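K.L.:
With my numbering as the guide, the letters of the sequence shown map in order to residues 1 to 225.
Heads up, the beta-carbon is just placed ideally off N, CA and C, and yes, glycines get one too.
Please read these numbers as outputs of a predicted model, since none were measured by experiment.
Attaching a single structure in structure tokens format; questions to follow.
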Amino acid sequence: MRNELSPLEERIGYRFKKDRWLKTALTHSSYANEVRGGENNERQEFLGDAVLSIVVSDYLFGRYHIPEGELTRLRASLVCEKSLSEFAREISLGEALLLGKGEEQTGGAQRASILADAFEALIAAIYLDGGMKAAQAFILPFAERSLDGQQGAFTDYKTMLQEIVQQNKGELLSYKLVEESGPDHDKRFVVEVFLNSNVIGRGEGRSKKTAEQNAAREALSLMGQ
């Protein structure tokens, strides 16, 4: 095993056991055509698209109790070119890409379509190297942060809980962060929701907002809502 991680591996928090999957993910067809040999990232992009879809679909299905149409809309917002290219920019993926001279000179390293395709190829590389759990651990932080930024994207459990509590005057609802763990790229937060001094729900998430929503969701479930 290599002693040092590449800059990209450091940014994504994953060490590859087989470098070839990462190298292929970073190799654009324009570069492969110029050197006349080697594999480009198009096949891995195909696989990464499928892995991304199942991970995101599974997460949305288990986390949000909303109609099929809304689930489809949310999934589309996460797997579209715009979102994937933004995820790629978060990890400076463009800096690591191998591009042909022409593509490089015309700004290919920052082109949305190239970044999105490379991000999917990177997902496939992680999946091929470390399995579904590794791919899931890579994908979900991006998905959760993106969903946190979408106002009204899912059921607002906190608002629902607040509206129920407000029906009884004098009742006080509050949220408390009780645990924080994990590296910066994959933080885990645990929040408890209190009704006056009593814990009525507990939730976990990769952001405080998600943890609070999950705590409120559990409280509503225990109330039979």
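Taking the alpha-carbon positions, what's the residue 145 to residue 197 distance?
P.N.:
30 Å
K.L.:
Do you know offhand how far residue 104's Cα is from residue 87's?
P.N.:
Our two residues, residue 104 and residue 87, have alpha carbons roughly 20 Å apart in a direct line.
K.L.:
Where does residue 158 land, buried or exposed, given buried means 16+ other C-beta within 10 angstroms?
P.N.:
buried
K.L.:
Using C-beta distances below 8 Å, list every residue in its chain close to residue 173, excluding the 5 sequence neighbours before and after it, in chain order.
P.N.:
Excluding residues within five positions, the ones whose Cβ falls inside 8 Å are 161, 162, 165, 193, 194, 195.
K.L.:
With DSSP run on the structure shown, which of helix, strand or coil describes residue 203?
P.N.:
strand
K.L.:
Mark residue 55 as exposed unless 16 or more other C-beta atoms lie within 10 angstroms of its C-beta, in which case mark it buried.
P.N.:
buried
K.L.:
Give the C-beta separation of residue 231 and residue 120 to the nearest angstrom, bearing in mind that I take them to be a contact with Cβ-Cβ under 8 Å.
P.N.:
Absent from the model: residue 231. The displayed extent of the chain is 1 to 225, so no value can be given.
K.L.:
Within the same chain, show all residues whose beta-carbon is closer than 7 Å to that of residue 1, passing over the 5 residues directly before and after it, in chain order.
P.N.:
Confidence at residue 1 is low in this model, with a pLDDT of 49, below 50, so the placement of that residue should be treated as unreliable; the coordinate-derived value is given next. Excluding positions up to five away in sequence, the list is empty.
K.L.:
Taking 8 Å as the threshold, find out whether the region 102–118 comes into contact with the region 25–38 through three or more Cβ pairs.
P.N.:
yes
K.L.:
So, are the CB atoms of residue 83 and residue 92 less than 8 Å apart?
P.N.:
Not closer than 8 Å, so no.
K.L.:
Would you give the residue range spanned by the beta strand (DSSP E) that residue 95 belongs to?
P.N.:
Boundaries cannot be given for residue 95, as no beta strand (DSSP E) includes it and DSSP labels it neither H nor E.
K.L.:
Quick one, are the C-beta atoms of residue 177 and residue 208 less than 8 Å apart?
P.N.:
yes
K.L.:
State the CB to CB distance for the pair residue 175 and residue 51, rounded to an integer number of angstroms; the pair is presumed to be in contact (CB under 8 Å).
P.N.:
With 8 Å as the limit, residue 175 and residue 51 do not qualify as a contact, their Cβ atoms being about 34 Å apart.
K.L.:
With a threshold of 6 Å on Cβ separation, who are the neighbours of residue 31 within its own chain once the five nearest residues in sequence on each side are excluded?
P.N.:
98, 99, 100
K.L.:
For residue 100, would you say it is in contact with chain C, using Cβ-to-Cβ distances shorter than 8 Å as the test?
P.N.:
Annotation note: the requested chain C is absent from the structure, which comprises a single protein chain.
K.L.:
Looking only at its own chain, which residues have a Cβ that is under 7 Å from the Cβ of residue 135, when we skip the five neighbours before and after it?
P.N.:
The residues are 51, 55, 123, 126, 127.
K.L.:
Let me make sure I understand the geometry here. Which of 33, 40, 35 has the alpha-carbon closest to that of residue 22?
P.N.:
40
K.L.:
Rounded to the nearest angstrom, what separates residue 20 and residue 60 at their Cα positions?
P.N.:
Looking at the two C-alpha atoms, the distance is approximately 32 Å.
K.L.:
CB-CB under 7 Å to residue 35, same chain, minus the five flanking residues each way: which ones, in chain order?
P.N.:
none
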